[in-house]
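Residues 1 to 145 (the numbering used here) make up the sequence shown, in order.
Structure first, then comments.
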Amino acid sequence: MRRAAVGLVLLVAVATSGDLRRARTADLESDRWEPAIRGFEAQVHRSLPGTRIVFVAIKPSISRWKLVDTMRRANELIRAVAEKHPRLDYVDVDAPMIGSDGKPRPELFRQDGLHLNAKGYQLWSKLVRPFLKLPSEAGSGPQQR
1 MRRAAVGLVL LVAVATSGDL RRARTADLES DRWEPAIRGF EAQVHRSLPG TRIVFVAIKP
61 SISRWKLVDT MRRANELIRA VAEKHPRLDY VDVDAPMIGS DGKPRPELFR QDGLHLNAKG
121 YQLWSKLVRP FLKLPSEAGS GPQQR
């Protein structure tokens with residue numbers, strides 16, 4: 001009996017504020033960032049052609065709020081690349097996690113102010129789930145642009 005190889009059709013990439021702690025301003029220049037994302041995409045698509053990649057924005061957090069400008073710059077760069085390419089999606093989790101005071105909503109976090117609690121993950125699920133539709137399902141998921 002022959003078995004058909006099944007390739008990955010959806011990849012969700014999540015960066016964290018921890019990935020930015022040692023980032024230098026030069027690391028977040030668009031002329032460096034876009035080639036890095038495009039290189040990642042090319043590597044995935046070489047092995048898994050047709051795979052849709054969903055980039056989830058770096059979430060804000062209470063404990064790493066001092067990194068918010070760096071986080072948002074990175075998110076802007078990821079979004080800009082995703083907008084140019086049909087097999088890339090971007091999910092904004094930043095704006096929905098910010099309260100009316102302009103800071104992260106405390107009710108979404110554990111006591112450490114970094115990790116999400118159940119309510120935070122419920123919000124994330126609501127935001128990310130629409131992007132998880134497989135190509136075989138109706139449509140290929142939303143394009144958050």
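Where is the CB? At the ideal position from N, CA and C, for every residue including glycine.
Legend entry - Helix, strand or coil at Val54 according to DSSP, with G and I counted as helix: strand
Inset, instruction - Let me know the alpha helix (DSSP H) ranges lying completely inside the region 63 to 132, each 4 residues or longer, listed in chain order. - result: 68 to 84 and 118 to 128
Inset, instruction - Just the C-alpha distance for Val128 and Asp112, rounded to the nearest angstrom, thanks. - result: 23 angstroms
Legend entry - Length of the line joining the Cα atoms of Asp92 and Gln43: 24 angstroms
Legend entry - Residue closest to Ala82, alpha-carbon to alpha-carbon, out of Ile53, Leu132 and Val9: Ile53
Legend entry - Phe131 burial status per 10 Å Cβ neighbour count (16 or more: buried): buried
Legend entry - Beta-carbon proximity check, Ala74 vs Ala15, cutoff 9 angstroms: yes
Legend entry - Rounded Cβ spacing between Leu11 and Thr51 (contact assumed at less than 8 angstroms): 6 angstroms
Legend entry - Closest by C-alpha distance to Glu34, when choosing among Tyr121, Pro104 and Arg79: Arg79
Inset, instruction - Compare the beta carbon distance of Ser17 and Ser61 with 9 angstroms and say whether it is the shorter of the two. - result: yes
Inset, instruction - Determine the direct distance from the alpha carbon of Ala57 to that of Glu107, and round the result to whole angstroms. - result: 19 angstroms
Inset, instruction - Could you tell me whether the Cβ atoms of Leu116 and Lys59 are closer together than 9 angstroms? - result: yes
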